[in-house]
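Participant: Sequence lines, in order, name chains L and W.
Quick note on numbering: the UniProt record's numbering labels position 83 of the first sequence as 83, and the sequence is numbered without any gaps.
Quick note on numbering: the UniProt record's numbering labels position 59 of the second sequence as 59, and the sequence is numbered without any gaps.
Mind looking over this structure? Questions follow.
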Amino acid sequence: MLDDTEAEVSRSTAALHAWAEQLPEPVCEAVMSADAASPVLFRAVPAVRHELSPLRAAVTEWAQGFGFDRDTLADLVLAVDEAVTNAIEHGYRNQPAGIVRFFAGHSPVEKAVNVVVADSGSWRPPPSEPGVRGRGLSIIRAVTDRFDLHHGEHGTVALLSWKLPGEGAGGPAG
Amino acid sequence: MSTGTQTILSCRVEQHGDATVVRVAGEIDRWTEDDFAQAVDESMRGRPTRLTVDLRDVTFMGTSGLRVLVEAQHETQRMRIVLGVVPGRGVARRSLEITGLDQMLRVFPTVAEALARA
């Protein structure tokens, strides 16, 4: 028999897997490979700007357990904020009450942490003017070990990954 | 208590002779960007000779905050105000480094040095 906490974890794992199955395959794999024994964040937040701060706080707390150095931790929070800000700004111009789905988990297989940000809005390319806001995607690309962006008819899905400390940032040389 | 009205950014403007210092504490993101921009704009209104933005107590700064600094750089150049930034050793410094803005802005280790040398 499951106690209350176990039942809750089991329900949320089922919800997580149901959600993951709708995602593009590589993102689905990243979510499914999450270690159930490690802390996982799985949230649906309204697409409003004041949700950014509590989400950053949750991500900071979650990420602190993996041994990243201070700069990598700052990079991770910065990149996640950019991705969520994009989801809020670009995905919901015509749908004020939209939802952004957020996942963060540790994949023992990939020896990495994965963050997924998904919106159900219509994708708009970042502004072509070289303004700082247009650099948001370049910043994410620069500070992640892996960054995939999938645009589909159901919205945009971003996957951000960081190799765990000591695992190396790149793949095999050559 | 509503999360939506919780204060996560504070900006205080101080006068030091003909120089102005904006002391910023908390988080600069897409939500608080306008408050930060407003504080910087107001601090320029008195046409100080030097404007120093003290970011040492900033606990988060995304591209929203960086954009305000870039605009402030353009505006202060136009108004012949010398802009200095004190990022401290925390996340504001990291955000400036990643985007290369630390090369574009006048960066100082302390407010005293910004006031003395800016």
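Glycine is no exception: its CB is placed at the ideal position from the N, C-alpha and C atoms.
This structure is a prediction, so every number in the text was calculated from the model and none was measured.
Is the Cβ of arginine 30 of chain W closer than 8 Å to any Cβ of chain B?
Facilitator: In summary, chain B is missing from the structure at hand, where the protein chains are L and W.
Participant: Would you say alanine 142 of chain L reaches chain W, if we count a Cβ-Cβ gap shorter than 8 Å as a contact?
Facilitator: By 1-based counting over the first sequence, the position of residue 142 of chain L is 142. Closer than 8 Å to some Cβ of chain W, the Cβ of alanine 142 of chain L qualifies, so yes.
Participant: What does aspartate 81 of chain L reach in chain W if we use C-beta pairs closer than 8 Å?
Facilitator: By 1-based counting over the first sequence, the position of residue 81 of chain L is 81. Neighbours of aspartate 81 of chain L on chain W, chain order: Asp29, Phe60, Gly62.
Participant: Would you mind sorting serine 64 of chain W into buried or exposed? The rule is 16 or more other CB atoms within 10 Å of its CB.
Facilitator: Taking the first residue of the second sequence as position 1, residue 64 of chain W is located at position 64. Looking at its Cβ environment, which holds 16 or more other Cβ atoms inside 10 Å, serine 64 of chain W is buried.
Participant: Name, going along the chain, the residues of the stretch 91 to 106 of chain W whose beta-carbon falls closer than 7 Å to a beta-carbon of chain L.
Facilitator: Result list: Val91, Arg94, Ser95, Ile98, Thr99.
Participant: In the UniProt domain "Histidine kinase/HSP90-like ATPase" (50 to 162) of chain L, which residue ranges form an unbroken beta strand (DSSP E) of at least 3 residues, counting only runs that do not cross its ends?
Facilitator: You should have 99 to 107, 112 to 119, 146 to 152.
Participant: Determine the chain W residues that contact leucine 52 of chain L at a beta-carbon separation under 8 Å, and present them in chain order.
Facilitator: In the first sequence, residue 52 of chain L corresponds to position 52, counting from 1. Within chain W, the residues near leucine 52 of chain L are Asp29, Arg30, Trp31.
Participant: Which residue from L/Val116, L/His106, L/Ala112 puts its Cα closest to that of valine 100 of chain L?
Facilitator: Taking the first sequence and counting its residues from 1, the one referred to as residue 100 of chain L is at position 100. Cα-wise, what sits closest to valine 100 of chain L is L/Val116.
Participant: Candidates W/Thr49, W/Ile81, W/Asp34: which alpha carbon is nearest alanine 9 of chain W's?
Facilitator: For the purposes of this step, residue 9 of chain W is taken as residue 9 along the second sequence, with counting starting at 1. For the sequence presented, residue 9 of chain W should be read as leucine rather than alanine. Ranking the options by Cα distance to leucine 9 of chain W, first place goes to W/Asp34.
Participant: Along the chain, where does the alpha helix (DSSP H) containing methionine 44 of chain W start, and where does it finish?
Facilitator: As a position in the second sequence, residue 44 of chain W is number 44, starting the count at 1. It spans 33 to 45 - the alpha helix (DSSP H) in which methionine 44 of chain W sits, taken as one unbroken run.
Participant: Confirm, please, whether the CB-CB distance from valine 86 of chain W to leucine 55 of chain W is below 8 Å.
Facilitator: Here the question's residue 55 of chain W lines up with position 55 in the second sequence. Here the question's residue 86 of chain W lines up with position 86 in the second sequence. Against a cut-off of 8 Å, the Cβ pair of valine 86 of chain W and leucine 55 of chain W comes out as a contact.
Participant: Using DSSP's beta-bridge definition, name the partner residues of histidine 16 of chain W.
Facilitator: Position 16 of the second sequence holds residue 16 of chain W. W/Ala19, per the DSSP bridge assignment.
Participant: Could you check whether aspartate 35 of chain L and histidine 150 of chain L sit closer than 8 Å to each other, using their CB atoms as the reference points?
Facilitator: Counting from one through the first sequence, the residue named residue 150 of chain L turns up at place 150. Counting from one through the first sequence, the residue named residue 35 of chain L turns up at place 35. No, the Cβ-Cβ distance between histidine 150 of chain L and aspartate 35 of chain L is not below 8 Å.
Participant: Just to confirm, is the Cβ distance from glutamate 75 of chain W to methionine 104 of chain W under 8 Å?
Facilitator: By one-based count along the second sequence, residue 75 of chain W stands at place 75. By one-based count along the second sequence, residue 104 of chain W stands at place 104. No, these two residues do not count as a Cβ contact at 8 Å.
Participant: With distances taken between CB atoms, is the gap from leucine 137 of chain L to arginine 146 of chain L smaller than 8 Å?
Facilitator: Position 137 of the first sequence, counted from the first residue, corresponds to residue 137 of chain L. Position 146 of the first sequence, counted from the first residue, corresponds to residue 146 of chain L. The answer is no: Cβ separation not under 8 Å.
Participant: Terminal residues of the continuous alpha helix (DSSP H) containing valine 31 of chain L?
Facilitator: For this step, residue 31 of chain L is matched to residue 31 along the first sequence. Its alpha helix (DSSP H) spans residues 25 to 32.
Participant: Can you tell which of L/Asp148, L/Ile139, L/Pro108, L/Ala37 has the C-alpha that lies nearest to the C-alpha of proline 165 of chain L?
Facilitator: Here residue 165 of chain L corresponds to residue number 165 of the first sequence, with the count starting at 1. That would be L/Pro108, whose Cα lies nearest to the Cα of proline 165 of chain L.
Participant: Can you name, in chain order, every residue of its own chain whose Cβ lies under 8 Å from the Cβ of isoleucine 139 of chain L, other than the five neighbours on each side?
Facilitator: Start at 1 with the first residue of the first sequence, and residue 139 of chain L comes out as number 139. Closer than 8 Å at Cβ, skipping near neighbours: Leu78, Ala79, Glu82.
Participant: Rank L/Phe103, L/Glu110, L/His154 by C-alpha distance to the C-alpha of glutamate 167 of chain L and give the top, closest one.
Facilitator: What you label residue 167 of chain L is simply residue 167 of the first sequence in a count that begins at 1. Cα-wise, what sits closest to glutamate 167 of chain L is L/Glu110.
Participant: Enumerate in chain order the residues of its own chain whose CB-to-CB distance from alanine 20 of chain L is below 7 Å, with the five nearest sequence positions on each side excluded.
Facilitator: Counting from one through the first sequence, the residue named residue 20 of chain L turns up at place 20. Taken in chain order, the residues that qualify are Cys28, Val31, Met32.
Participant: Which partner residues of aspartate 54 of chain W appear in the DSSP bridge assignment?
Facilitator: Your numbering for residue 54 of chain W matches position 54 in the second sequence. Aspartate 54 of chain W pairs with W/Arg23, W/Val86.
Participant: Could you spell out the range, first to last residue, of the alpha helix (DSSP H) harbouring leucine 69 of chain W?
Facilitator: As a first step, residue 69 of chain W is located in the second sequence; it is residue number 69 there, counting from the start. Leucine 69 of chain W -> alpha helix (DSSP H) spans 63 to 78.
Participant: Taking the alpha helix (DSSP H) that alanine 92 of chain W falls in, what are its first and last residues?
Facilitator: Reading the second sequence from its first residue, position 92 is the one you call residue 92 of chain W. 91 to 99 is the span of the alpha helix (DSSP H), which, as asked, contains alanine 92 of chain W.
Participant: Output needed for valine 59 of chain L: all residues of its chain with C-beta closer than 8 Å, excluding positions within five of it in sequence on either side, in chain order.
Facilitator: By one-based count along the first sequence, residue 59 of chain L stands at place 59. Same-chain partners within the cutoff: Leu41, Leu76, Val77, Val80, Ala104, Val115.
Participant: Could you spell out where the beta strand (DSSP E) holding alanine 44 of chain L opens and where it closes?
Facilitator: Against the first sequence, residue 44 of chain L aligns to sequence position 44. Segment 41 to 46, the beta strand (DSSP E) holding alanine 44 of chain L.
Participant: Tell me which same chain residues have a C-beta within less than 6 Å of the C-beta of valine 13 of chain W, skipping the five on either side of it?
Facilitator: Along the second sequence, read from residue 1 onward, the residue named residue 13 of chain W stands at position 13. Excluding residues within five positions, the ones whose Cβ falls inside 6 Å are Val22, Ser43.
Participant: Output needed in chain order: residues of the stretch 66 to 77 of chain L with a Cβ under 8 Å from some Cβ in chain W.
Facilitator: Those would be Asp71, Ala74, Asp75, Val77, in chain order.
Participant: Can you pull the chain W neighbours of arginine 56 of chain L, defined as C-beta to C-beta under 8 Å?
Facilitator: Taking the first residue of the first sequence as 1, we reach residue 56 of chain L at position 56. Going along chain W in sequence order, the residues near arginine 56 of chain L (Cβ under 8 Å) are Glu27, Asp29, Phe60.
Participant: Please list, in chain order, all residues of the same chain as glycine 100 of chain W whose beta carbon is under 6 Å from its beta carbon, the five residues on each side excluded.
Facilitator: Start at 1 with the first residue of the second sequence, and residue 100 of chain W comes out as number 100. Around glycine 100 of chain W: no qualifying Cβ.
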